[in-house]
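Notes follow once the structure below has been shown.
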Amino acid sequence: MSTTANTADQLSLSRRSFLRVSATAAGGLLVSLYFDLPLVAQEAGQPKPKAYPPDAFVHIKPDGTIVIQVNRLEFGQGVQTSLPMILADEMDADWLHVVAELAPAADVYRDPLFGIQMVGGSGSIAHSFQQYRELGAKARALLVAAAAEQWKVPPSQCRTEASVVYGPGGRSAHYAQLANAAAHMPVPETVPLKNASDFRLIGKKTRRLDSRPKCDGSLKFGLDLDLPGMKVALVAHPPVFGGSPKSVDDKAARSVPGVADIFQIPTSAKGTAVAVVADKFWTAKQARDRLRIDWDLSSVERADSSQLWAKYKQLAGTPGGVAVARGDEKALDGIVAGNLIVAEFEFPYLAHSPMEPLNTTIRFDGDRAEAWAGSQFQTIDQMAIAQVLGLKPEQITFHTEMAGGGFGRRAVPDSHVQREAAAIARHFTGTPVKLVWTREDDVQGGYYRPMHAHRVEIGIGADGMPSAWRHVVVGQSLLMGTPFEAFAVKNGVDETAVEGIVDTHYDIPNLHVSVHHPTVNVPVLWWRSVGHTHTAFVMETLIDELATRARIDPIAYRRKLLKPDARKLRGALDLMEEKSAPWRAQLPKAHAVGVSCHESFDTGVACAAEVSVENKRPRIHRVTVAVDPGVAVNPLTIESQFQAGVCFGVSQLMAKGAITLKDGHVEQSNFDTYTPPYISDAPVAVDVHIVPSTEKPSGCGEPPVPVISPAVVNALSHLTGKRYRTLPLVTV
Amino acid sequence: METYTLTVNGQPKQVTADPGTPLLWVLREDLKMTGTKYGCGIASCGACTVHLAGVATRSCVVPVSLVGDRPILTIEGVGQDSVGRAVQAAWVSEDVVQCGYCQSGQIMSAVALLKSTPKPTDTNIEESMGGNICRCGTYVRIRRAIKTAAQELK
């Protein structure tokens, strides 16, 4: 029993979308938004989805609970709270009875801009703000229409608040009472959205919906999944990417009680690995430790960090593929040595190391399969599993599991974890198998932020400002060879390697940026804030150096150099200056302040850090951050993202904050050798200030990361007089 | 395989396991108590922290055979007393968690700290929480929540 009303939707973002409402068998209203694949995906030649699956965005239950589906992974960034806030605000839903669920893989949940279901590019709120507002407003309109019809009054005489419709004469009805009738109302083509002054949730500091179960151990992450009869798989990967076993002696491994099977599977790097399947994790681990594998590494390239540095440094001295050529290319030639800065930078490979180790569970049932994964890329991972199992994507039921961090590591274009899991699950028809990557597998398993070398030559004008800037970047391309290549690789230049330089808001009249993308046998992947991880460091430490040489206050220097239209950065810089002024004026002895500002993902950020040196390490006493993210949907989430995101950025400065390779082998294996910040490495206090704005919201997941390491290092330079151009920061 | 009787959150629990199996995996896989997390397996991240006879302990490196009759307190049971409840409440009111995966261990370490040091200084906090990694980086709010809980318990 369901009634369907399909209506063309005229609204901007979802111009090819259809809203469908239906009553559920148990009573209640389901509101679903269906849309044709967005333009981006269609232009890429992807096939249109055949059927609209029966998934809803809003479900009003008879008991008054309002379940809102979140079309993205929650892995700390807070969308499981802020997307429902947006919808609930327009719907006037009672926030105390809103429940959020992570949606499974389905076409309706694709990102309206990117055309696949994903989290990335700090786009969750930026891309779904309008979508969730419209959904909420339409749900509200249906409920109001139902009440108005019952009361025989015009809808305009009704108002709504906290899941109740109020009409003339003191009448009122709860949404739960109206849900069935609302399901039979015609869906309005367009609905007015609230004025910002009428927001009840948007803009209000709102605590997370998922705190309690994350504080009492009851929340189940993907790794916590327990299904009847489930087995656990571990994989012995080749010690060099792309290697394969010459021979496998698994006699001792098979003798471990509880081992189900041991067999070979392909790896993403065109090698072969050995999978061990057992009743439990610890059994599988014991068995894997007892495998004796003679690896054939004869035909694979053995990457070596020190050799790569030598090669990268040489490449950086030669022009690469042109990313930007503005002004006079020969402008540097006339600059005298005293007015020239030549700076070389080195950035190592970085692992993401989310706290929850990578995992995926799959049950293969012959003609279909069910998968569970904390995935940033549901659409792509679902397709990959289908491909390995010889099925169609729609034959894979793909559950989005809550994930313990990700930072890009769960957005993998080749879906290598899901492919391994599927290759293993094929052997166990009808039995769920959970593939677990141990921490060692994760640290040694590749998919790193690539190594980069930068070489920058700057000519300084008479006013102390950069008059000419020649910049060469060397690093593996993230996007070449992936489905995203067509969007962001132009003329052999991967835009993600030069973002933050080519689009700098500093007014540099003669700017020439070029890129080399060497091919290296190390899988690489975006790491929270992508290219900005290294470009912001280069730009913001050099700008600081220029300010020092010009004897101009670093904030004033930046303000002078920023283009007049760099509104978000200017606003953030002004606010940061104001809010940090009291403590900057009273720095204790042997403390220094370092500043930086950087725009990424359309969000302007400025940062000041108070730093001293303790035990030859930077001690970060305080950080003030100012941010312009457009409309601040949940200022509490934004504050948290920036407080914690700057700590994530400090990873780059950790003494053991690098992945290195020797003769093809990764030299680090766990947190003892690749060490993220502990509490004493993190800033002691971080105050976050939001620039008031009525502009559409921009991202807040990644923009905290780029600003912190240059700010800290700039402070160190003020303390020590040294320049820091090689990361990680082994000694100060 | 050996059979052990463990006292977990005040309840006797019988498990049959290889003596070398870390307590972490006995909790997670035999007792199906998944609130205690696997993060590194080498006692470097603290995600697996439980209290063993009141002492914050990395369960990933304690073989089940060495637990003996020491009572085990996990995140599932930490709210049984006032300190645990206060810490959990402070974690919620200060909106500490992000991904949340490390927070079971953070809370167990914080509860152990407040039980021994009711009014912790920043130095006490850094020492007691110094082995717990939060990859999201929620340390600023962890500090604040510990102080809030300490205040509540006064």
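From first to last, the protein sequence lines stand for chains W and R. If you use the numbering used here, the first sequence corresponds to residues 78 to 809, in order. If you use the numbering used here, the second sequence corresponds to residues 307 to 460, in order. Every residue gets a Cβ at the ideal spot worked out from N, C-alpha and C, and that includes glycine. Here the structure is a predicted model, which means the values were calculated and not measured.
Residues of its chain near residue i, where Cβ-Cβ distance is below 6 Å and the 5 sequence neighbours each way are ignored
{"i": "PRO130/W", "result": "Below a pLDDT of 50, predicted positions are generally treated as unreliable, and PRO130/W, at 33, falls in that range; no measurement from the model is reported."}
{"i": "ARG447/R", "result": "GLU400 and VAL402"}
{"i": "CYS777/W", "result": "PRO706, ILE715 and GLN718"}
{"i": "PRO245/W", "result": "VAL230 and GLN234"}
{"i": "THR737/W", "result": "SER382 and GLU744"}
{"i": "GLY345/R", "result": "CYS351 and ALA353"}
{"i": "ARG450/R", "result": "GLU400"}
Residues near residue i by beta carbon distance below 7 Å, same chain, minus five either side
{"i": "ARG236/W", "result": "TYR243"}
{"i": "LEU116/W", "result": "Low confidence applies here, because LEU116/W scores a pLDDT of 35, under 50, leaving its location unreliable; read the following figure in that light. No residues qualify anywhere along the chain."}
{"i": "GLY443/W", "result": "THR506"}
{"i": "LEU466/W", "result": "PHE441, ALA446, ALA499 and ARG503"}
{"i": "PHE678/W", "result": "GLY198, SER199, SER775, GLY776, GLU779 and PRO780"}
{"i": "PRO377/R", "result": "THR313 and ALA359"}
Neighbourhood of residue i by C-beta, 8 Å cutoff - its chain only, sequence neighbours within 5 removed
{"i": "LYS215/W", "result": "LEU96, VAL108, VAL264, PRO265 and VAL268"}
{"i": "PRO665/W", "result": "SER689"}
{"i": "PRO805/W", "result": "PRO425, GLN729, LEU730, MET731, ALA732, LYS733, GLY734 and ALA735"}
{"i": "MET557/W", "result": "VAL566, ASP571 and HIS594"}
{"i": "ALA349/R", "result": "ARG364, CYS366, VAL367 and GLY437"}
Candidates the options, of which the one nearest residue i by Cα
{"i": "ALA260/W", "options": "CYS292/W, LEU219/W, GLN234/W and SER794/W", "result": "LEU219/W"}
{"i": "TRP604/W", "options": "ALA685/W, ALA428/W and SER345/W", "result": "ALA428/W"}
{"i": "LYS282/W", "options": "GLN720/W, ASP764/W, LYS773/W and VAL710/W", "result": "VAL710/W"}
{"i": "VAL592/W", "options": "ILE163/W, SER324/W, HIS493/W and GLY398/W", "result": "GLY398/W"}
{"i": "MET528/W", "options": "THR803/W, LYS567/W and LEU150/W", "result": "THR803/W"}
{"i": "THR355/R", "options": "ILE439/R, GLN457/R, VAL446/R and ILE448/R", "result": "ILE439/R"}
{"i": "MET307/R", "options": "MET460/W, GLY394/W, PHE318/W and PRO334/W", "result": "PRO334/W"}
{"i": "VAL384/R", "options": "GLY406/R, MET414/R and VAL370/R", "result": "MET414/R"}
{"i": "VAL336/W", "options": "PRO343/W, GLY320/W and ALA310/W", "result": "ALA310/W"}
{"i": "THR344/W", "options": "ALA313/W, THR360/W, SER233/W and PRO425/W", "result": "ALA313/W"}
{"i": "VAL768/W", "options": "GLY153/W, VAL682/W, HIS251/W and ILE137/W", "result": "VAL682/W"}
{"i": "MET162/W", "options": "GLY192/W, GLN208/W and PHE191/W", "result": "GLN208/W"}
{"i": "VAL579/W", "options": "SER554/W, TRP546/W, LEU602/W and PRO560/W", "result": "TRP546/W"}
{"i": "ASP405/W", "options": "GLY320/W, ALA361/W, LEU435/W and HIS589/W", "result": "HIS589/W"}
{"i": "LEU713/W", "options": "LEU190/W, ILE279/W, VAL175/W and VAL494/W", "result": "ILE279/W"}
{"i": "GLU335/R", "options": "VAL607/W, THR581/W, ALA480/W and LYS511/W", "result": "LYS511/W"}
{"i": "SER492/W", "options": "HIS476/W, ASP518/W, PRO470/W and GLN459/W", "result": "GLN459/W"}
Coarse secondary structure for residue i, derived from DSSP in three states
{"i": "GLN30/W", "result": "Not covered by the structure: residue 30/W. The range shown for chain W is 78 to 809."}
{"i": "ARG532/W", "result": "strand"}
{"i": "SER677/W", "result": "strand"}
{"i": "ASN791/W", "result": "helix"}
{"i": "ASP458/W", "result": "helix"}
{"i": "GLU716/W", "result": "helix"}
{"i": "SER350/R", "result": "coil"}
{"i": "SER434/R", "result": "helix"}
{"i": "ARG441/R", "result": "coil"}
{"i": "GLN320/R", "result": "strand"}
{"i": "ASN148/W", "result": "coil"}
{"i": "ARG369/W", "result": "strand"}
{"i": "TYR634/W", "result": "helix"}
{"i": "ARG187/W", "result": "coil"}
{"i": "THR581/W", "result": "coil"}
{"i": "SER288/W", "result": "helix"}
Contact belief for residue i with residue j at Cβ below 8 Å, rounded distance in angstroms
{"i": "LYS297/W", "j": "THR340/R", "result": "7 Å"}
{"i": "ALA759/W", "j": "TYR445/R", "result": "4 Å"}
{"i": "VAL353/W", "j": "ALA380/W", "result": "Between ALA380/W and VAL353/W the Cβ distance is about 27 Å, and since that is not below 8 Å, they are no contact."}
{"i": "ARG800/W", "j": "GLU655/W", "result": "Wrong, their Cβ atoms sit about 29 Å apart, outside the cutoff."}
{"i": "THR456/W", "j": "ARG696/W", "result": "Not really, about 44 Å apart at Cβ, beyond 8 Å."}
{"i": "GLY451/W", "j": "LEU150/W", "result": "6 Å"}
{"i": "ALA258/W", "j": "GLN227/W", "result": "7 Å"}
{"i": "ALA350/W", "j": "PRO315/W", "result": "6 Å"}
Residues that residue i bridges to, as DSSP identifies them
{"i": "TRP514/W", "result": "None, per the DSSP bridge assignment."}
{"i": "TRP546/W", "result": "ILE535/W and LEU588/W"}
{"i": "PHE748/W", "result": "BP columns for PHE748/W are empty, so no partner."}
{"i": "ASN315/R", "result": "None, per the DSSP bridge assignment."}
{"i": "LYS567/W", "result": "VAL570/W"}
{"i": "GLN341/W", "result": "VAL351/W"}
{"i": "GLY671/W", "result": "ALA686/W"}
{"i": "SER324/W", "result": "ASP371/W"}
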